[in-house]
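For the sequence shown, the working numbering gives the first residue as 128, with consecutive numbering after it.
See below for the structure under consideration.
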Amino acid sequence: MIAASLTLMAGTVGAFAQDWDGFRHQKPPEEKPTLDKLVDVQGNGLGAFDISFVDPKIGLYVLSDRTNGSVDMLDSEQGNFIGRIGAVCTMATAATHFCFQGVVLVNGAADNSLSGPDGVVTVGNKEVWAGDGDSRIKVLDIKTKSFITTISTGGTMRVDEMSYDPRDHIIAAANNADMPPFLTIFDTNKKAIVGQMVFATTTAGSVCVPAPAWPCTAAGVDATNGLEQSQWSPETGLFYISVPQVGSNPATAGVSVIDPHTMTVVRTLLISNCSPSGLALGPNHEALLGCGSAFGTPPTTVSKIVDITSTSTAIDGAVVATVPIGGSDEVWYDPGTVHYFLAARSNLSSTGTADPILGTIDAVSHTIDPSNSTSTTAHSVAADKDSHLVFVPIGFVPPGSPAGTDPTNPCPGKGCIAVYRAHSEDQDYFADRDDDHHDHDGDH
């Protein structure tokens with residue numbers, strides 16, 4: 128019986144490997160995501176915004192909306208606007224910090240480093256944790272649409288992108304604009320800081336001085352241009368964070384791998400010619416890096432896919448694919464359609480002209496699938512794996528802008544959240560093959 132079981136298992140694994148290889152090369156052609164609706168967020172419209180997130184378990188999409196100083200909420204199953212939490216700080220609310228900074232102007236220009244909200248994530252399907260320009264995390268109650276508490280990270284600039292480890296109830300949040308930038312680890316149950324890591328080779332001149340009440344250490348990585356999107360992997364139990372520049376060379380960047388329990392950088396995967404902003408964990412121990420800048424002559428925009436288990440110390444030693452879509456900020460992996468989605472607002476066409484798109488990359492074959500034109504403001508994206516809806520916020524064209532500004536913007540007057548419906552051919556393909564194997568196995 129054991130030998131027979133092993134033989135059957137080997138046959139099943141072999142068949143799956145054949146299917147996987149066949150899928151890479153013979154999967155059906157993809158369909159372009161279709162524009163389902165343009166959602167008006169009401170209030171002052173949508174001009175300035177930052178990161179977005181989907182919690183499919185409760186069917187909720189949230190967006191950091193700086194124009195209204197709020198976290199906006201949509202039903203991620205139908206794509207309907209259901210309300211917002213928060214407002215721009217006033218003299219009456221500033222003391223409690225139960226508000227958001229909104230768009231902060233410095234010398235007449237918006238300063239992203241001081242504006243907010245910024246990074247956003249849901250916790251326990253009950254709370255939203257949102258970073259703000261006053262170097263604070265604002266914890267919000269989804270049900271009551273109210274503030275629970277705020278937590279200062281001790282910096283001088285915004286708390287930006289963050290990611291959540293639901294197993295250990297930990298959030299890792301980056302103060303990307305402080306110099307040196309740093310990462311704060313929070314206990315989401317206690318709503319307290321448990322440690323901080325400064326992305327430099329020393330803690331001198333950092334948030335660690337004077338010493339806070341929790342461990343504060345140097346990560347040993349010289350992040351000279353901030354920190355960007357992070358993710359937590361349930362497979363490894365580690366956090367992964369985009370580092371747009373490591374050291375003095377603008378062409379050298381990395382992905383730092385962080386153990387939140389020891390608060391150490393396990394390793395940094397070095398990347399060239401990318402300056403990653405977005406990071407999304409996909410299948411096969413891989414991650415998509417949304418490269419934010421163009422490199423080369425003439426300038427070109429790309430994204431890179433890396434093996435997060437790589438131990439290579441060589442530049443690009445962990446890179447498994449380079450895909451010609453780039454100029455992205457936030458990127459997202461959708462297991463429902465087995466695709467990466469990219470908010471590629473600074474993407475360049477093959478001729479070097481501006482070509483802002485909702486980029487779509489097959490997460491298995493690493494090939495580009497049909498993409499959608501968006502807007503030069505469209506730098507945020509999130510998707511619901513169950514409804515197959517993809518959310519792309521788009522800012523209005525500022526009054527008085529020259530004619531022809533942002534020509535592909537679908538909602539130039541008030542801004543909107545563009546909701547696309549993705550297609551799930553990859554999922555359908557695997558389902559069909561799985562049915563075939565079940566039928567085959569049933570013959571034995």
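In this text, a Cβ means the ideal position worked out from N, Cα and C, and glycines have one as well.
Residue closest to residue i, alpha-carbon to alpha-carbon, out of the options
{"i": "residue 169", "options": "209, 202 and 181", "result": "209"}
{"i": "residue 450", "options": "471, 436 and 550", "result": "471"}
{"i": "residue 241", "options": "253, 223, 249 and 261", "result": "261"}
{"i": "residue 489", "options": "468, 479 and 476", "result": "468"}
{"i": "residue 462", "options": "513, 484 and 198", "result": "513"}
{"i": "residue 158", "options": "464, 215 and 504", "result": "464"}
{"i": "residue 313", "options": "493, 291 and 331", "result": "291"}
{"i": "residue 434", "options": "473, 360, 533 and 389", "result": "360"}
{"i": "residue 445", "options": "453, 413 and 473", "result": "413"}
{"i": "residue 459", "options": "431, 390, 336 and 406", "result": "406"}
{"i": "residue 398", "options": "273, 431 and 366", "result": "431"}
{"i": "residue 581", "options": "194, 352, 377 and 479", "result": "An answer regarding residue 581 cannot be provided, because it is not within the stretch 128 to 571 covered by the chain."}
{"i": "residue 243", "options": "178, 275 and 220", "result": "178"}
{"i": "residue 286", "options": "248, 317, 271 and 252", "result": "248"}
{"i": "residue 495", "options": "473, 507, 466 and 505", "result": "466"}
{"i": "residue 415", "options": "222, 505 and 367", "result": "367"}
{"i": "residue 382", "options": "392, 376 and 375", "result": "392"}
{"i": "residue 74", "options": "439, 267, 275 and 310", "result": "With the chain running from 128 to 571 in the structure shown, residue 74 is simply not present."}
{"i": "residue 402", "options": "537, 394 and 378", "result": "378"}
{"i": "residue 352", "options": "542, 306, 319 and 215", "result": "306"}
{"i": "residue 532", "options": "504, 221, 546 and 511", "result": "504"}
Exposure of residue i, with buried meaning 16 or more beta-carbon neighbours within 10 Å
{"i": "residue 190", "result": "buried"}
{"i": "residue 205", "result": "exposed"}
{"i": "residue 288", "result": "buried"}
{"i": "residue 115", "result": "Because the chain spans 128 through 571 in this model, residue 115 falls outside it and cannot be assessed."}
{"i": "residue 424", "result": "exposed"}
{"i": "residue 528", "result": "exposed"}
{"i": "residue 371", "result": "buried"}
{"i": "residue 457", "result": "buried"}
{"i": "residue 294", "result": "exposed"}
{"i": "residue 232", "result": "exposed"}
{"i": "residue 213", "result": "buried"}
{"i": "residue 544", "result": "buried"}
{"i": "residue 100", "result": "One cannot answer for residue 100 here, as it falls past the ends of the chain, which runs 128 to 571."}
{"i": "residue 350", "result": "buried"}
{"i": "residue 183", "result": "buried"}
{"i": "residue 299", "result": "buried"}
{"i": "residue 252", "result": "exposed"}
{"i": "residue 376", "result": "exposed"}
{"i": "residue 152", "result": "With a pLDDT of only 40 at residue 152, under 50, the local geometry of the prediction cannot be trusted, and no value is derived from it."}
{"i": "residue 546", "result": "buried"}
Anticipated Cβ contact below 8 Å, residue i with residue j, distance rounded
{"i": "residue 396", "j": "residue 437", "result": "6 Å"}
{"i": "residue 297", "j": "residue 315", "result": "7 Å"}
{"i": "residue 420", "j": "residue 356", "result": "The pair is not a contact, with the Cβ atoms about 15 Å apart (cut-off 8 Å)."}
{"i": "residue 390", "j": "residue 322", "result": "5 Å"}
{"i": "residue 255", "j": "residue 269", "result": "6 Å"}
{"i": "residue 93", "j": "residue 354", "result": "Past the boundaries of the shown model lies residue 93; the chain is included only from 128 to 571, so the question cannot be answered."}
{"i": "residue 235", "j": "residue 522", "result": "Residue 235 to residue 522, Cβ: 18 Å. No contact."}
{"i": "residue 539", "j": "residue 517", "result": "Wrong, their Cβ atoms sit about 21 Å apart, outside the cutoff."}
Limits of the beta strand (DSSP E) - the one that residue i falls within
{"i": "residue 391", "result": "391-399"}
{"i": "residue 323", "result": "319-325"}
{"i": "residue 210", "result": "207-212"}
{"i": "residue 200", "result": "197-202"}
{"i": "residue 386", "result": "379-386"}
{"i": "residue 249", "result": "247-250"}
{"i": "residue 362", "result": "Unbroken run through residue 362: none, as it is neither H nor E."}
{"i": "residue 466", "result": "466-471"}
{"i": "residue 164", "result": "161-166"}
{"i": "residue 262", "result": "Note, residue 262: premise wrong, no beta strand (DSSP E); not H, not E."}
{"i": "residue 548", "result": "543-548"}
{"i": "residue 516", "result": "516-521"}
The ligand COA heavy atom lying under 7 Å from the CB of residue i
{"i": "residue 226", "result": "This structure lacks the ligand COA; in fact it carries no ligand of any kind."}
Handout entry: Entirely enclosed beta strand (DSSP E) segments - the segment 278-309, minimum 3 residues
Key = Runs of the beta strand (DSSP E) inside the segment 278-309: 289-292 and 297-302.
Practice task
Enumerate, from N- to C-terminal direction, the unbroken beta strand (DSSP E) stretches of 3 or more residues contained entirely within the segment 399-431.
Solution key: The DSSP assignment places complete beta strand (DSSP E) segments of no fewer than 3 residues inside the segment 399-431 at 403-408 and 413-418, in order along the chain.
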